[in-house]
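Residue numbers (this note's numbering), protein chains in the order written: chain A, 280 to 625; chain B, 4 to 511; chain C, 3 to 350; chain D, 147 to 463. Here's the structure we're looking at; comments come further down.
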Amino acid sequence: GTADEEGGKDENAGDDAKNEEKTDFSVGMVTDIGGVDDKSFNQSAWEGLTAFGELNGFTEGEEFAYEQSNAREDYIPNLQRMVRDGYDLIYGIGFELKEDITTVAKQNPDTHFALVDDILDTENGVSITFKEHQGSFLVGVAAALKTKTNKLGFVGGVDSPLINKFEAGFIAGAKSVNPDIEVEVQYAESFADAAKGKIIATSMYDSGVDVIYHASGATGNGVFNQAKDLKQNDPEREIWVIGVDRDQHEEGQTGDYNVTLTSMVKRVDVAVEKVATMSMNGEFPGGEQLEFGIEEDGIAFATTNTEAMTEDIISTVNEWQDKILNGDVNVPQTREELDAFVKELQ
Amino acid sequence: MEHVIEMLNIRKEFPGIVANDNITVQLRKGEIHALLGENGAGKSTLMNVLFGLYQPEAGEIRVKGEKVNITNPNIANELGIGMVHQHFMLVEPFTVTQNIILGNEPKDKLGKINLKKAEQEIQEISDRYGLKVDPSAKISEISVGMQQRVEILKTLYRGAEVLIFDEPTAVLTPQEINELIEIMRSLVKEGKSIILITHKLKEIMEVCDRCTVIRKGKGIGTVEVSETNPDELASLMVGREVSFKTEKKPAEPKEVVLHIEDLFVKDARKVDLVKGLNLDVRAGEIVGIAGVDGNGQTELIEAITGLRKSQSGKISLKDKKITNLSPRNVTKSGLGHIPQDRHKYGLVLDYPIGANIVLQTYYQKPFSKVSVLNYKEIYNKAKEIIEEYDVRTPSEFTPARALSGGNQQKAIIGREIDRSPDLLIAAQPTRGLDVGAIEFIHKKLIEERDKGRAVLLVSFELDEIMNVSDRIAVMFDGKIVANVKPEETNEQELGLLMAGSITEKVGD
Amino acid sequence: MTSNNRLFGILVPVISVILGLIVGAIIMIASDVNPIEAYTALWNGAFYDAFTIGETIRRITPLILTGLAVAFAFRTGLFNIGAEGQVIVGWLAAVWVGLTVDAPMIIHLPLAVLAGALAGGLWGFIPGLLKAKLGVHEVIVTIMLNYIALYVSNEIVRNVLTDHGTSTEQIAASASLGSEWLQNLTLYSRMHYGILIALFAAIIMWFIIQRTTVGYELKAVGFNQHASKYAGMNVSKNIILSMVIAGAFAGLAGAMEGLGTYGSVSVISGFTNLGFDGIAVALLGANNPFGVVLAAILFGVLKEGAGEMPSAGVPTELVDIIMALIIFFVASSYIIRWVLLRFKKEGK
Amino acid sequence: MLDILQSIVPTVLFFSAPLIFTALGGVFSERSGVINIGLEGLMVIGAFVGIVFNLTFADVFGDFTPWASLIAATIAGAIFSIIHAIAAVSFRADQTVSGVAINMLALGVGVYLTKVWYDKGQTDMVTEPFLSTNIPVLSKIPIIGPIFFEGIYVTSYIAILFAFIAWFVLYKTAFGLRLRAVGEHPMAADTNGINVYKMRYIAVIISGALGGLGGSVFALTIVSNFSHATIVGQGFMALAAVIFGKWHPLGAMGAALFFGLAQSLSIVSSGIPLLEDIPQIFLLIAPYVLTILALAGFIGRAEAPRANGIPYVKGSR
Ligand SMILES: Nc1ncnc2c1ncn2[C@@H]1O[C@H](COP(=O)(O)OP(=O)(O)OP(=O)(O)O)[C@@H](O)[C@H]1O
Ligand SMILES: Nc1ncnc2c1ncn2[C@@H]1O[C@H](COP(=O)(O)OP(=O)(O)OP(=O)(O)O)[C@@H](O)[C@H]1O
Ligand SMILES: [Mg+2]
Ligand SMILES: [Mg+2]
């Protein structure tokens, strides 16, 4: 289709743009404030890029590289720097880069851009988004099956459409299993306020919640901290946390116990690698929105904690996963859709 | 003759000036030794050297014949030298006891201060020398006089044998001064020796045995008080003849300029300090308000000048009602105010002396137009006043802070008079100044009177009141209890009036 | 003496910067990196080409203004830790006007900038009022207002300026400080005309403080409230005024970001740090408007250059360390002067 | 109601503890006349050292690790604060400036070393954090027991204990008297033979120790790892507590507890019937608005130590 032709065109144009000694394909990424070691999607993206590089025998810093951002104002300089260094495809990791990468993409029509987690609406850019609501739905199911009190908790970072997707999916999943389940929702208004996370977790667990799903970055540290503290004090007590973005099993480890029930895993690496390959083969889907969900292997749930995620829990979750795949279930992405969805259930 | 202290050929320099230049002072046991000199002569500096706050560049100090090296106040204390500083060294939020024991506190093994013990000890010393202090009172809540007695206690508590007083009487009321003199006498009776810095020759003549004179940092010599007289002392220190009785022709009072009617004013603690006061000041006369500190003088002045709200009553300046006007509007209505506390109110110490000269007029032409300052004009005016009032300062750009109190005061007076106000209020205008400066300031006040201005003088110094005023209004308990002519009264009578023990002669 | 002072006034900061860089080098050697490479990277990060220079300038712009915001209050003896919050509200207000008002540029742009200043001024007015009337310590109030600004701004972006979005539309071109010309000149850097506003603001502050009766009063109140009252000045009014003007400067800084750098306002999950850096800039600049400009330039260059340091294997935080050290050395100018005097004496 | 209390009190306590420690540090420093807005930085150093020590020596010290970490952090804070002392006391630096520098330096050093040592932006989670416990006996008391003594961090009570100790030291001992005198009227203290510089050094170092302690308590009870985002503004809240508490140890403690209460109320209240309808935003800003109102309302004017922020120069006046 047109995308391909354009892709081709851009390729050649790109070639000319590139500085002499680099004739081959090269790809770079600009992190958001997290950095490539954030144990989260920046890291995951970099893993994807590294895998891609190794697969093609590229060398880091040459054909594939990253630029670290320490503040919002670094995005533009970093993106421009990579453009200047002649990278053919440049990833922006995280919705925070949306405005900036759009600007840069418009200014550099000969370079390919890809934005993770939000919409990049230019001819030379693709949007890589994930169906977090699907993954959240699945962990919601798991939570519903695990809870003894029929009370679940959701801790969000900053109240935003993206995080609302997690919220909606999670509640939908839980209620699908058992409509009577209550879900307490709290936003910390920060991705870095562990204290707030811990206070929220405390009040949730105290009010009888026994599973908390957090989508709140470092704020989640506080949630894990409180869960582990309760667990240590009373090993009998059922206390669970559901991780986000990657398998947060490690965070849940405390002594002989692990409070991480499961995690909603976002395979940014898969997405990044896929798009890079397409672009290298001249099939860059310029202007398209690639949404990675379960069927694209972009979304999964962790089963590391085998004691917690029992066989039948996993099998039930898988049943729901199939329902999503074959379209029986259409997971809500916003609070509005959620309300409708819940009405359906009654 | 045995000397407890000998300061031989002391030299002390500060950036720019030699504060002490080869000064020798020898203090005999059991004597009260006066140190006399103009503002900035180097008295405080010399004593700070003796107390270990400054190190001398040259010269030596002997205590009981032993050469000593006093590198800090601790050593001074150990040598039995105590100092009552010109500016009190008291921690306001602390109690009397806390201030006194500070530095060598009686404590138990926990390090907990044993206040009971300390308070008893202090009470004893206080009684022995008749100091009458309440050990548990907060410094911020006691009178200046008592604060000074606390300073004295501090030195005695540390077993001082030699006490240094730096201008102790500058801040005291006549009553307090008499008490202090008694205290000093009882101290020498107990075998203590005293060095007394004062600008008041009367006091020297009254209590001192000998007097060492310093002029511009140099030692002029030591005289037996019994063999000298005030005029000699004055000319010794200034280097010329000084007249005390500022001669002036009789006043010709004209129309009433300041009219106060049944005025009531509360102080910070919301108690009435001015209670139905009536007062008139006429053009061409100097009215001196005599009174013991704390009888409402301060509140009265603050009320007139707009710094404090008056509860009721009426104040008018030239028939214009100024009751509870803002300070600015009062000033505009023709008031000049030489404030009691020059460092607190009179000056912005961090501003150049020049900027201080226009403190009330900066917003007016020619010093500013459309609220843009005109420095040329400002500093010209400053030069003018600095010359006319002989303010000793390196330049008009020097920060006011670096001037001596005497010169700071001259600058303030120049500023206030230069506005040629209808009413000039002078509160304690000569406190802490040397006779030369005092003479100068008195002259200026009288000049203003002769120009037909009304002058209201508030002072705790009776002889200042007697010297300068044309009419004396005695203030007691928030009211004017008497109006007397200086030539028709004497200090005894005034003292009694001020004490409220006789109340006839109520005028107006 | 005065010529001496002027000499020191220049020498001390210069020496401080050099010392800071030296210590930085030592640290790098300690963590075996080549300081030369690192500093070269730093330099390139800030001055490599027109683009980086443009970016450096745009980074300097708001720093000047927050620096002024802190410095101005300091002159009246007030410590404005609230620049952070004032920036946020200024940013929000400016963009708000930029989005909602529809007018030709000559009206729209000034209006938007003004909105930013006003919002910042309001945010300064609150602590000013509380300080003047109730004696509440401005430091606490401004700290608290920082958080309030952050959360309220986020809320407004989410539910008023957008329908539950994280970032507003781009502002109308008629309210933008950006310019084709500057962008072409600087290879699409985000440099915008704000720098002119910032420099102008510095001149304004100098003028107010040094040349006007307003400044005369503000400083007098800062030095001695009793004397100011005695002289007929309205102490409360001056305290409030000082905080309002300071807030307005910070508000402008926000407007620069909103109308220049980003052209929008977003939900932010933490402080911008422009305000806190402003404190450092102000103090480094000795609360003098031109000192502030120089300090802001130094900061901007270091911060922008830091972006390149990882390429030399040095964490960007090294630059924070260096900046902190520079501040220390400047603050300790007393000792530096002392040493210098020693040398002078030896010299004679 | 009870169960609400039961969930509020512990949160208040663990949230406030780090603020109390740090604010007490601030009280010591400022009582001696040295402004310390470097508290934030001191907390950062404390958090950093606390976490790194914990990660490194977990297997050496075993269960004692968290305590050892606190001690290490306390010492580190004390040492770090010497920089502030030298600048502010000996070099007569503007104390605010030096405080700001402390904040930048601490964060710089912390994150820099984290990246150099762990080559990533944040450390791993500690394996030996502090755990809340039920105070033996006491937690058995009906009503009060569960509220005040169940699921409590010992550090919280240590913080409160420290506040009283600080009060005793500052107001009952010779050391305290001298320290406060130095902050009110250094020259008076000097003439009484007190070494002003020494007292101020000690005070600043104490504030460093307590700041470091506060930071590490925060890290080890709440966050359990270190990154640039571990300490964000707690130091400034502590500073606010110092002033809010009128430079008095118990006042500062009260203020810190007040902040904690406001914070946890703003979260718990979403579960309290009449409060749950209030829009989130109001609950979010409530703690800060309440603080301002409290100050404007009944706390009012706070008198700082007279000589606070003024370098002492012997022989000047
Ligand atoms: N700390 C100081 N720094 C610089 N110069 C000083 C200092 N203290 C005093 N001087 C200078 O030393 C000289 C003597 O000052 P000193 O205070 O001893 O005068 P004084 O005799 O006590 O005056 P007064 O009667 O007003 O108290 C003054 O000219 C003053 O300028
Ligand atoms: N910081 C300073 N630098 C230079 N000189 C100073 C300084 N402080 C005081 N002085 C000098 O010390 C001398 C005495 O100062 P002081 O304030 O005691 O004056 P004063 O005449 O005693 O006024 P007052 O008795 O009202 O305090 C003055 O001559 C003044 O110039
Ligand atoms: Mg003197
Ligand atoms: Mg004097």
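Where is the CB? At the ideal position from N, CA and C, for every residue including glycine.
Counting along the chain, where does the alpha helix (DSSP H) carrying residue i start and finish?
i: phenylalanine 443/B; result: 438 to 453
i: arginine 363/A; result: 354 to 363
i: histidine 228/C; result: 227 to 232
i: lysine 385/A; result: 377 to 386
i: alanine 450/D; result: No alpha helix (DSSP H) holds alanine 450/D; DSSP gives it neither H nor E.
i: isoleucine 35/B; result: From DSSP, isoleucine 35/B is part of no alpha helix (DSSP H) but of the beta strand (DSSP E) over 35 to 40.
i: glutamate 288/B; result: Taken as a continuous stretch (DSSP letters only), glutamate 288/B belongs to no alpha helix (DSSP H), as it is neither H nor E.
i: glutamate 127/B; result: 118 to 131
i: asparagine 321/A; result: 320 to 334
i: arginine 152/B; result: 147 to 160
Anyone know if the C-beta pair for residue i and residue j falls short of 8 Å?
i: glutamate 446/A; j: glycine 436/A; result: no
i: valine 649/A; j: isoleucine 372/A; result: A query on residue 649/A cannot be resolved here, the shown segment of chain A reaching from 280 to 625 and no further.
i: aspartate 489/A; j: serine 153/D; result: no
i: isoleucine 103/B; j: lysine 110/B; result: no
i: alanine 247/D; j: alanine 326/C; result: yes
i: serine 472/B; j: isoleucine 289/B; result: yes
i: valine 332/C; j: serine 18/C; result: yes
i: glycine 439/B; j: valine 241/B; result: yes
i: leucine 366/D; j: valine 272/D; result: yes
i: leucine 190/B; j: threonine 172/B; result: no
i: leucine 342/C; j: glycine 253/C; result: no
i: alanine 114/C; j: glycine 92/C; result: no
i: glycine 171/D; j: serine 285/D; result: no
i: glycine 302/C; j: threonine 58/C; result: yes
i: serine 455/A; j: valine 418/A; result: no
i: alanine 442/D; j: valine 269/C; result: no
i: glycine 309/A; j: leucine 368/A; result: Reading off the sequence shown, one finds valine at residue 309/A, where the question assumed glycine. No.
Let's see if you can read the secondary structure: which residues bound the beta strand (DSSP E) around residue i?
i: tryptophan 519/A; result: 519 to 524
i: threonine 308/B; result: Not the beta strand (DSSP E): threonine 308/B falls in the alpha helix (DSSP H), residues 300 to 308.
i: valine 395/A; result: 391 to 395
i: isoleucine 183/D; result: It is not in any beta strand (DSSP E) - isoleucine 183/D carries neither H nor E in the DSSP assignment.
i: isoleucine 223/B; result: 221 to 227
i: lysine 430/A; result: 430 to 435
Would you check whether ligand 6 has a heavy atom nearer than 7 Å to the C-beta of residue i?
i: proline 424/B; result: Among the ligands modelled here, namely ligand 1, ligand 2, ligand 3 and ligand 4, ligand 6 does not occur.
Can you check the segment 228 to 312 of chain D for any alpha helix (DSSP H) of at least 4 residues that lies completely inside it and give the ranges in chain order? 241 to 264, 290 to 295
Does the segment 404 to 423 of chain B come into contact with the segment 346 to 356 of chain B, if we say contact requires no fewer than three beta-carbon pairs (one atom in each stretch) closer than 8 Å? yes
So, does the segment 33 to 41 of chain B touch the segment 90 to 102 of chain B, judging by three or more C-beta pairs under 8 Å? no
Output the residue ranges of the alpha helix (DSSP H) runs that lie fully inside the segment 152 to 214 of chain D and measure 4 residues or longer, sorted by chain position. 185 to 207
Enumerated in chain order, which unbroken segments of the beta strand (DSSP E) with a length of 3 residues or greater are wholly contained in the segment 527 to 604 of chain A? 539 to 545, 568 to 571, 578 to 580
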